[in-house]
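Residue numbers (my numbering): 2 to 164.
Even glycine gets a Cβ: it sits at the ideal position worked out from N, Cα and C.
A quick note: this is a predicted structure, and the numbers were derived from the prediction, not measured.
To start, the structure under review is shown below, and the notes come after it.
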């Protein structure tokens with residue numbers, strides 16, 4: 002089947018589960034059930050090029066831009082993606098220690114307090130555009146700082162030397 006690029010008003014998305022959606026083409030009535038959504042560019046393009054994948058792992062459609070969908074479909078797609086790509090957002094750093102060149106962090110996130118280790122800060126802490134920072138710990142867990150300039154002064158002092 003040929004990959005379809007979809008935009009509103011030609012397609013509607015309905016919630017099926019927390020990570021599955023149903024996709025209906027309005028003009029033909031064709032419906033695809035239990036579809037998964039995956040960002041093609043999960044770090045840099047959160048709203049653009051979202052793959053719609055069937056249970057066999059085949060791409061059935063590509064959402065060019067989530068913002069072009071109708072309000073309900075946009076909400077369903079964003080909730081599904083948020084669930085799949087759930088990354089705790091760091092709101093402040095509580096403590097940072099260095100032991101044997103392994104950095105141990107305690108941070109407060111929107112999901113609760115976490116403790117994690119970083120073994121190579123140059124590879125594990127990435128500054129992105131708009132003051133956004135991504136951190137990957139020693140266990141491959143990911144954390145996000147949406148805007149490090151909005152952290153409290155103490156937290157900024159802990160993270161800025163590493164950017």
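- Residues 107, 108, 109, 114 of the same chain have their beta carbon placed closer than 8 Å to that of residue 95, with the five preceding and five following residues left out of the count.
- The distance from the Cβ of residue 34 to that of residue 18 is about 11 Å, inconsistent with a contact at the 8 Å cut-off.
- Per DSSP, the unbroken alpha helix (DSSP H) holding residue 159 starts and ends at 154-160.
- The shortest C-alpha to C-alpha distance from residue 36 to any of 56, 69, 43 is the one to 56.
- The criterion of a C-beta distance shorter than 8 Å is not satisfied by residue 147 and residue 112.
- Rounded to the nearest whole angstrom, the CA to CA distance from residue 121 to residue 104 is 8 Å.
- For residue 78, the enclosing alpha helix (DSSP H) starts and ends at 72-85.
- Shortest Cα-Cα distance from residue 51 to any of 81, 126, 26 involves 81.
- The beta-carbon distance between residue 85 and residue 20, rounded to whole angstroms, is 5 Å. This is short enough to meet the 8 Å contact definition.
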